[in-house]
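The block underneath contains the structure these notes are about, expressed in structure tokens.
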Amino acid sequence: MWLAHVVCSGRDCFEELEVVVDALDDVDRLGCECGHGFVLLSISEIELV
Ligand SMILES: [Zn+2]
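Oh and the sequence shown: position 45 is 469 in the numbering used here, straight run, nothing missing.
Structure representation (structure tokens):
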């Protein structure tokens with residue numbers, strides 16, 4: 425599992441999210457409400473407890 429910190433790639437949109445994904449590919453499938461995709465800012469691995 426990964427904790428991904430992403431921001432919207434839209435020029436006028438400042439949406440910023442932290443999402444937990446199983447695979448890094450899942451980040452690419454995320455889309456912002458404004459219609460743009462997200463850009464990955466940082467990623468960290470989460471250990472399952
Ligand atoms: Zn957006």
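Every residue, glycine too, gets a C-beta built ideally from N, C-alpha and C.
Just so you know, these numbers come straight off a predicted model, no measurement behind them.
How is the beta strand (DSSP E) around residue i delimited, first residue to last?
{"i": "V463", "result": "462 to 469"}
{"i": "E440", "result": "440 to 445"}
{"i": "L427", "result": "426 to 432"}
Buried or exposed for residue i, please, with buried defined as at least 16 other CB atoms from any protein chain shown within 10 angstroms of its CB.
{"i": "A447", "result": "exposed"}
{"i": "F438", "result": "exposed"}
{"i": "C458", "result": "exposed"}
Determine the contact status of residue i and residue j, defining contact as a CB-CB distance below 8 Å.
{"i": "V430", "j": "L472", "result": "no"}
{"i": "V444", "j": "I470", "result": "yes"}
Tell me residue i's beta-bridge partners as DSSP assigns them.
{"i": "G455", "result": "G461"}
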